[in-house]
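This report concerns only the one structure given below.
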Amino acid sequence: MADPIILAVPKGRILGEALPLLARAGIRPEPSFGDEASRALRFATDRADIAMIRVRAFDVATFVAHGAAQIGIVGSDVIAEFDYSELYAPVDLGIGHCRIAVAEPRGLAATDDPRGWSHVRVATKYPNTTRRHFEARGVQAECVKLNGAMEIAPALGLADRIVDLVSSGRTLAENGLVEVETIAEVSARLIVNRAAYKTRADVLAPLVAAFRAAAQEMPRAA
1 MADPIILAVP KGRILGEALP LLARAGIRPE PSFGDEASRA LRFATDRADI AMIRVRAFDV
61 ATFVAHGAAQ IGIVGSDVIA EFDYSELYAP VDLGIGHCRI AVAEPRGLAA TDDPRGWSHV
121 RVATKYPNTT RRHFEARGVQ AECVKLNGAM EIAPALGLAD RIVDLVSSGR TLAENGLVEV
181 ETIAEVSARL IVNRAAYKTR ADVLAPLVAA FRAAAQEMPR AA
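See the structure below:
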């Protein structure tokens, strides 16, 4: 029997929305998947030919691109940041909606005009996306790579601005920041390793079709 297909799913904000979609696609993880105290990373499912791993969102793309997992769920922000040629993203799952935005302190924003920027110093976990965005506008971006706590960077003088994921905007507001520019709208996508899609098409092609159908059936956020 062939090794099971490995489905990589992200910890955090997308996972809760992804579980009903997984169920609609015919995949349910073993009961221990829901145990918040569990440190396990790999789980069986109710399908013998599919196992699941739960990893950090940024790592989902890497596992799938390198073939350690054959299929995964991840935000379009991660896909854009890494731009792996090995990834195929055939389905917008219609969940995990947010945006990548530029934000700065409220006091600075009161007199600032983004159209006049020529150089910016930005704290972000998206240095590639940030540079591409500003280069397209003819702005030089100096990126300070952080993996979290971006919102505190301006207050501590690490960077004047941040580029980060924004959903409700509450975290920005509580840290005295305001959005001044949207870089991209974000949603979760199904990603597949291109080589695996050719060699394991017997499993992956129907799986992609099942996810596409499940995404179409899911109620969309207003």
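The opening position of the sequence shown corresponds to residue 1 in the UniProt record's numbering, with each subsequent residue numbered one higher.
Glycine included, C-beta positions come from ideal geometry on N, C-alpha and C.
Query - Coarse secondary structure for Leu7, derived from DSSP in three states - result: DSSP places Leu7 in the strand class (E or B) of the three-state scheme.
Query raised in the report: Are residue 229 and Asp77 closer than 8 Å when you measure CB to CB?
Result: For the chain, the structure presents residues 1 to 222; residue 229 sits outside this window and is missing.
Requested in this report: Identify, in the order they occur along the chain, each residue of the same chain with its Cβ nearer than 8 Å to the Cβ of residue 276, setting aside the five sequence neighbours on each side.
Outcome: Since the displayed the chain opens at 1 and closes at 222, residue 276 lies outside it and no answer follows.
**Report entry** Own chain partners of Leu158 with C-beta closer than 7 Å, once the 5 adjacent residues on each side are dropped
**Finding:** Ala123 and Val144
Query - Best match in Ala25, Ala195, Leu41 and Ala214 for proximity to Ser32 [C-alpha to C-alpha] - result: Leu41
Query raised in the report: If you draw a straight line from the alpha carbon of Ile73 to that of Pro20, how long is it in whole angstroms?
Result: Going from the Cα of Ile73 to the Cα of Pro20 covers about 13 Å.
Query raised in the report: Measuring CB to CB, does Ile53 end up less than 8 Å from Ala37?
Result: no
Query raised in the report: Does the distance from the C-beta atom of Ile79 to that of Arg189 stay below 8 Å?
Result: yes
Report task. Can you tell me which of the three DSSP states Ile14 falls into? Result -> helix
**Report entry** Option in Lys125, Ser85 and Arg132 with minimal Cα separation from Val192
**Finding:** Ser85
Query raised in the report: Skipping 5 residues on each side, what residues in its chain have a beta carbon closer than 8 Å to that of Glu181?
Result: Ala101, Val102 and Pro114
**Report entry** Lys198, DSSP secondary structure in three states
**Finding:** Three-state DSSP puts Lys198 in a helix.
Query raised in the report: Between which two residues does the beta strand (DSSP E) harbouring His119 extend?
Result: His119 to Thr124
Query raised in the report: With 16 other CB atoms within 10 Å as the buried threshold, where does Gly96 fall?
Result: buried
Query raised in the report: For Ala150, which residues of its own chain have a beta-carbon under 6 Å away from its beta-carbon, when the five flanking residues on both sides are left out?
Result: Here residue 150 is Met; the residue named in the question, Ala, does not match the sequence. Around Met150: Ala123, Ile162 and Asp164.
Query raised in the report: From Arg132 to Ser118, what distance separates their C-alpha atoms?
Result: 14 Å
Query raised in the report: By how many angstroms is the C-alpha of Pro4 removed from the C-alpha of Asp46?
Result: Answer to the nearest angstrom: the Cα atoms are 12 Å apart.
Query - Ala222, DSSP secondary structure in three states - result: Only weak support exists for where Ala222 lies, its pLDDT of 45 falling under 50; the value from the coordinates is given anyway. Ala222 falls in the coil class under three-state DSSP.
Report task. Flag Val186 as yes when its Cβ comes closer than 7 Å to any non-hydrogen atom of the ligand ADP, and as no otherwise. Result -> Absent from the structure shown: the ligand ADP. Ligands present: none.
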